[in-house]
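Colleague: Sharing a structure, written as structure tokens. Questions coming.
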Amino acid sequence: MDEARTYTAERTLPLSDAHKDMPVTFVSARCGRTLMARLAAMGIRRGAELVVVRKSGTGPLIIAVGGSRMALGNSVAHQITVAEARG
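With the numbering used here, letter number 40 in the sequence shown gets 51, and the count goes up by one each step, no holes.
Next up, the structure:
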């Protein structure tokens with residue numbers, strides 16, 4: 012099956028709207044090449060599974076990717092589209 016079609020039937024949302032402890036799958040990002048390269052270097056690329064570890068209203072999101080945790084600013088998290096992971 013075409014990977015692009017895998018996510019179309021699933022509910023997508025900005026990473027900034029994902030709930031704490033909610034497993035999601037990276038779909039895309041609305042950003043420039045520089046930020047996309049930085050995300051890829053952190054392991055955030057199409058199909059990667061992410062979990063929001065900590066979320067505060069105004070501060071950064073702490074996410075888990077693989078065995079690592081990292082902070083993303085709200086503006087960056089809002090540019091990232093994710094799909095709810097199937098259970």
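Even for Gly, the Cβ is constructed at its ideal location relative to N, Cα and C.
This structure is a prediction, so every number in the text was calculated from the model and none was measured.
1) Label residue 16 either buried or exposed according to how many other C-beta atoms from any shown protein chain fall within 10 Å of its C-beta, with 16 as the threshold for buried.
2) Does residue 66 pass the burial test, meaning 16 or more other C-beta atoms within 10 Å, or should it be called exposed?
3) Are the segment 41-50 and the segment 71-81 in contact at 8 angstroms, needing three or more beta carbon pairs?
4) Measure the alpha-carbon distance for residue 59 versus residue 40 and round it to whole angstroms.
5) For residue 96, I'd like the list of residues in its chain whose CB is within less than 7 angstroms of its CB, leaving aside the five on either flank, ordered along the chain.
Modeller: Let's see:
1) Any reading at residue 16 must be qualified, since the residue scores a pLDDT of 45, below 50, and its modelled position is unreliable; the value itself is stated next. So residue 16 ends up on the exposed side.
2) buried
3) no
4) 13 angstroms
5) 34, 35, 36 and 60
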